[in-house]
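Q:
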Amino acid sequence: MIGVEPTASIIVVSFRGSERLPPTLRALSEQDTQEPFEVILVASGDDNGWTASITYEFPWVSIVSIPHRLRPGPARNVGVQASSGRVIAFAPDDGIPRRDWLRRRVALHAQGAEIVGGSITNADGHRYIQRVSHLHEYAALAPHTPTLQAQAVPHAISYVRTIYDTVGPYPEDVLTGEDTLFNTAAASFARRVEFDGDIQMGHPALPTWKANLRHQVQHGRGLMQCTLEHGLLSTIGLPTSRREAAWRCLAVYPSTCAWKKWQRGRRQPMSKRARDLMLFAGVFVLAVATGLGALREWNERPVGPEHG
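Printed below as a string of structure tokens:
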């Protein structure tokens, strides 16, 4: 129920998302909760009229238009600051939440949870690369509550507004990883964190190797930015020489990444583990691309006495 005084605020961040957004917004409008909620769309970049088409089809969506493209951190902050719900949740502009996605979140918050973690499912990716991509990015967010509980840092979360007021805003100087940095601080502050594998958001995987490799390079750059600028603990660490950086980024990180995903898979049903086994070669390739992005970012910065 979309209401004037919302219990929950759902924030959708989008850059030129006219083609991706309609299915997401339709799924949000069909949520089966009785609690009032609002949807805030943060639309950044050249408009070219696409927000007008969204307003026409979905007049209940509140749109905040920013003429220049925002990084994810600033866009999240704009959305939170424009919202008014006690519970804050985020939906990707190409995500398809299950009908009970919001109801389950709000129910756990009503029971006292300050943070609620959900899962990410593979919406429509049946090709090998799409399955590899989903496993690489979302293995820790499988729709399996024990797997979600095992996360070092919770992701796909909603939280009560006092969390943002205390540990926010989201970092604005990184390409990616702003959620990991924020969630780390949020989880350390929250007194109660709950997970539910039935809180499911469907997310389509990128359909080609080229698109996935480019995407992972960008993620790698963000990972290194989070490590260098914010002290994020990662397998990459803080290299002090080109040789060490190359070793950590292109060997240690991909190997550790693939191994952790395999270990995580041990918590899954046996049938799913068997299906995932043949995907790990592809996961390693994508992890190398992530490491390459991290190495490129490191090479552009004056880090350590041997750098340069």
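Here this note's numbering is used: the first residue of the sequence shown is 12, the next is one more, and so on. Yeah, the Cβ is synthetic: ideal placement off N, Cα and C, and Gly gets one too.
#1: Alpha carbon to alpha carbon, how far is S64 from P221? Give it in angstroms, no decimals.
#2: Nearest by alpha-carbon distance to E205: which of V178, T158, G179 is it?
#3: How would you write the range of the beta strand (DSSP E) that P215 sits in, first residue to last?
#4: Taking the DSSP output, what are the residues bridged to I247?
#5: Could you round the C-beta distance between R202 and E125 to whole angstroms and report it? I think they count as a contact, below 8 Å.
#6: Locate the alpha helix (DSSP H) running through G242, then write down its first and last residues.
#7: Tell me the rounded alpha-carbon separation between S130 and A216.
#8: Kindly confirm or deny that the region 223-233 and the region 164-171 touch, where touching means at least three C-beta pairs closer than 8 Å.
#9: Touch check for the region 29-40 and the region 104-112: three-plus C-beta pairs under 8 Å?
#10: What is the DSSP secondary structure of V117, reduced to helix, strand or coil?
#11: Would you give the residue range spanned by the beta strand (DSSP E) that F69 belongs to?
#12: Count Cβ pairs between the region 23-34 and the region 54-63 that sit closer than 8 Å; are there 3 or more?
A: Inspection of the coordinates gives the following:
#1: Here residue 221 is taken as the residue at index 210 of the sequence shown, counted from 1. Here residue 64 is taken as the residue at index 53 of the sequence shown, counted from 1. Note that residue 221 is Lys in the sequence shown, not Pro. Cα-Cα distance, rounded: 31 Å.
#2: Stepping through the sequence shown from its first residue, residue 205 is reached at position 194. Nearest of V178, T158, G179 to E205, Cα basis: T158.
#3: In the sequence shown, residue 215 corresponds to position 204, counting from 1. Where P215 is concerned, there is no enclosing beta strand (DSSP E), because DSSP gives it neither an H nor an E.
#4: Here residue 247 refers to the residue found at position 236 when the sequence shown is read from its first residue. The secondary-structure analysis by DSSP pairs I247 with nothing; it has no beta-bridge partner.
#5: Position 191 of the sequence shown, counted from the first residue, corresponds to residue 202. Position 114 of the sequence shown, counted from the first residue, corresponds to residue 125. The C-beta separation of R202 from E125 comes to about 6 Å, placing the pair in contact by the 8 Å criterion.
#6: Here residue 242 refers to the residue found at position 231 when the sequence shown is read from its first residue. First-last for G242: undefined, no H or E at that position.
#7: The residue given as residue 130 occupies position 119 in the sequence shown. The residue given as residue 216 occupies position 205 in the sequence shown. About 15 Å.
#8: No, the region 223-233 does not touch the region 164-171.
#9: Short answer: they touch.
#10: Position 106 of the sequence shown, counting from 1, holds the residue named residue 117. Here V117 sits in helix by DSSP.
#11: Sequence index remark: in the sequence shown, residue 69 carries index 58 (1-based). Per DSSP, F69 belongs to no beta strand (DSSP E) and is neither H nor E.
#12: A contact exists between the region 23-34 and the region 54-63.
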